[in-house]
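As you go down the protein sequences, you meet chains C and H in turn. Each residue of the first sequence is one higher than the one before, counting from 1107 in my numbering. Each residue of the second sequence is one higher than the one before, counting from 135 in my numbering. The beta-carbon is built from N, C-alpha and C at its ideal position, and this holds for glycine as well. Report on the following structure.
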Amino acid sequence: MANMNDILSGLDGLAALPQTVLRITSMLGTGKASASDLEQVARNDEALTLTILRCANSAAYGRPGCAFTLRQSIARLGNSTMLKIVLEQKTSAMFAGAGAAYGLQRGALWRSAVGGAIAAEALARRANFDSPDLAFLCALLRDIGKLAFDAFFGPEYLGLVERHLRPDRTFVDAERAAFGFDHAQLGAELAARWRLPERIAESITFHHNPPAAAPAHDVLFDIVHAADIIGLWAGLAIGCDGMQYKLAEHVRVGLDLSRPVAEELIACTWDNLRQTESIMDQATPQRVTA
Amino acid sequence: MAPSTLSYARTEVDGKIVVGVGDLVVCNDPAALLVTYALGSCIGVTVYDPVAKVGGLLHFMLPSADLNKDKAAANPAMFGDSGIPLLFKACYEKGAKKERLIVCAAGGAEVLADDGHFKIGSRNRTLVRKIFWKNNILIAGDETGGSNSRTLSMRMDDGTAIVRTQGSERVLWPT
């Protein structure tokens, strides 16, 4: 059976992020990069430059319509928002065509990534977590391990896991029984190879099993875990793994999640996702007149 | 704009009309196949009039529009108690009659070890049973509960409703 290294070494498309992204994430990860340093790298990527300018000039970041330079825009957005923008833009193409191994329609994994990220941002704000952008980013990347399984095994993946499924067993338990590791662990390893900050990689590791006790406990991991479950309830990326996941009790208590709160989050996630898709023109409203 | 005909569904090349989460489609094209994927805790409801050959499919996410009236007004198909009446109304507008309608349902799964705290799928299932019981409508076929993902489809030429889950397929109607 393939180990993690076999899987990740065999992935041409996923093996590395583009150089621009690697350099920017690395610079942002150290926390020492200036807006000027980041500008030098970002301006080599036209699409990224446009995205940064558009975000910095949007209503979400204050004065809309002002003509900020790239450097001013980077400074205005701040490190965590920059990281969110860079990775969101660069990983969207990876997610878009993946998911067949998990029985998902094309685009479903990306919808789940974005939907989970929206839920995480909302949960972070509700919990007064200091960086909702970081929560967004971690949730966006939480299932990159599924990309790796998908790319390596393709349609054979399901057959390998299926024989280990039990009614009372979570899907990640079945993955571990089949391969010796699950998509969360595989995703964290991929994040490490992408040289993402350690806390992001750890949030991926723990997105189905967040540690309850100190020193490993981190509210960020709790938020990403809860966002994943909110995404399931919102009908996002429910493939062959179905609803075979658990919400950790300490997360339910710690984030003060009740049924009404969960339902409000589900509705808001779905609503915001549909608005996002509409803006991105991924789902065009149309009249069905047949 | 009449909400009953607004849809984010994508029509695929082979005549398949995909109904998204929180959406409904009503149609009278006998060549069409209505399908909704990834039913987890959400519930898919099909209705079909075999005489008028009018039918529809709703994929709702949460039971009650009381949660957020504004959201329900903007997207009635998000909730069972606003989406189901809208599904029926849209079918009637295309010529369906209540006494001929065949209703099927699938979905309403739960995450593992919910321990009664949320029960999103269970509340959706209860809503479906309650709303049809109150309106004196029998559910002709259903497959709900558990923790698996389901795909629900309905052929518009004869109303055949099929649920697929983890590689297996079951005809909900006709039985």
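- Assignment of C/SER1218 by DSSP, reduced to helix, strand and coil, places it in the helix class.
- Here the region 150 to 170 of chain H makes contact with the region 206 to 218 of chain H; the two share three or more CB pairs at distances below 8 Å.
- Among the CB atoms of chain H, one or more fall inside 9 Å of the CB of C/LYS1352.
- About 13 Å separates the CB atoms of C/LEU1128 and C/LEU1296; that is not less than 8 Å, and the two are not in contact.
- For the region 156 to 177 of chain H, the residues whose beta carbon sits under 9 Å from a beta carbon of chain C are, in order, GLY156, VAL159, VAL160, CYS161, ASN162, ASP163, ALA165, ALA166, TYR171, ALA172, LEU173, GLY174, SER175, CYS176.
- For a Cβ distance threshold of 7 Å, nothing in chain C lies close to H/LEU235: the least Cβ distance comes to about 19 Å.
- In terms of Cβ geometry, H/MET195 and H/PHE213 form a close pair [threshold 9 Å].
- Shown here for C/GLN1178: same chain residues with a beta carbon closer than 8 Å to its own, the five before and five after excluded, namely ALA1141, ALA1162 in chain order.
- Put simply, the CB of H/LYS205 is near chain C, with a gap under 9 Å to one of its CB atoms.
- A distance below 7 Å between beta-carbons, with the five flanking residues on each side excluded, links C/GLU1227 to the following residues of its chain, in chain order: PRO1238, ALA1241, PHE1242.
- Rounded to the nearest whole angstrom, the C-alpha separation of C/ALA1283 and C/HIS1270 is 6 Å.
- The three-state secondary structure of H/LYS203, taken from DSSP, is helix.
- For the pair H/GLY174 and C/ILE1344, the CB atoms are nearer than the 9 Å cut-off.
- A distance below 8 Å between beta-carbons, with the five flanking residues on each side excluded, links C/THR1131 to the following residues of its chain, in chain order: LEU1123, LEU1189, VAL1192, LEU1193, TRP1300, ARG1301, LEU1302, PRO1303.
- C-alpha of C/ASP1328 to C-alpha of C/GLY1222: approximately 13 Å in a straight line.
- Chain-order list of chain C residues neighbouring H/ALA243: GLY1348, MET1349, by C-beta distance under 7 Å.
- The C-beta distance from C/GLN1350 to C/PHE1277 rounds to 4 Å, short enough to meet the 8 Å contact threshold.
- A straight line joining the alpha-carbon of C/LEU1229 with that of H/PHE266 spans about 35 Å.
- In terms of beta-carbon proximity, C/ILE1335 lines the interface with chain H, with at least one pair separated by less than 9 Å.
- For C/ALA1332, none of the residues of chain H pass the 7 Å Cβ criterion, the least Cβ distance being about 11 Å.
- Here the C-alpha atom of C/ARG1232 lies approximately 18 Å from the C-alpha atom of C/ALA1354.
- Proximity of H/LEU221 to chain C, defined by a Cβ-Cβ separation below 9 Å, is not satisfied.
- In the structure shown, the three-state DSSP call for C/HIS1356 is helix.
- Beta-bridge partners assigned by DSSP to C/GLY1184: none are found.
- Below the 9 Å Cβ cutoff, chain H contributes TYR171, ALA172 as neighbours of C/ALA1214, in chain order.
- For H/LYS150, the uninterrupted beta strand (DSSP E) segment begins and ends at 150 to 152.
- Annotation for H/VAL155: no beta strand (DSSP E) segment contains it, and DSSP assigns it neither H nor E.
- Here H/ALA208 carries a helix assignment [DSSP, helix/strand/coil].
- The bridge partners DSSP lists for H/VAL237 are H/VAL181, H/ILE273.
- Within chain H, the C-beta atoms nearer than 7 Å to that of C/THR1276 come from LEU246, in chain order.
- In the structure shown, the three-state DSSP call for C/CYS1244 is helix.
- If you look at H/PHE222, you'll find it in the alpha helix (DSSP H) that goes 214 to 227.
- Interface with chain H (9 Å Cβ-Cβ cutoff): C/SER1132 is excluded.
- Excluding the 5 residues flanking it on each side, H/ALA165 has same chain C-beta neighbours closer than 8 Å at GLY149, MET290, ASP291, in chain order.
- Against chain H, the beta carbon of C/ALA1373 has neighbours under 7 Å at LEU196, LEU201, ASN202, LYS205, MET212, listed in chain order.
- Exposed is the label assigned to C/LEU1156, since fewer than 16 other Cβ atoms lie within 10 Å of its Cβ.
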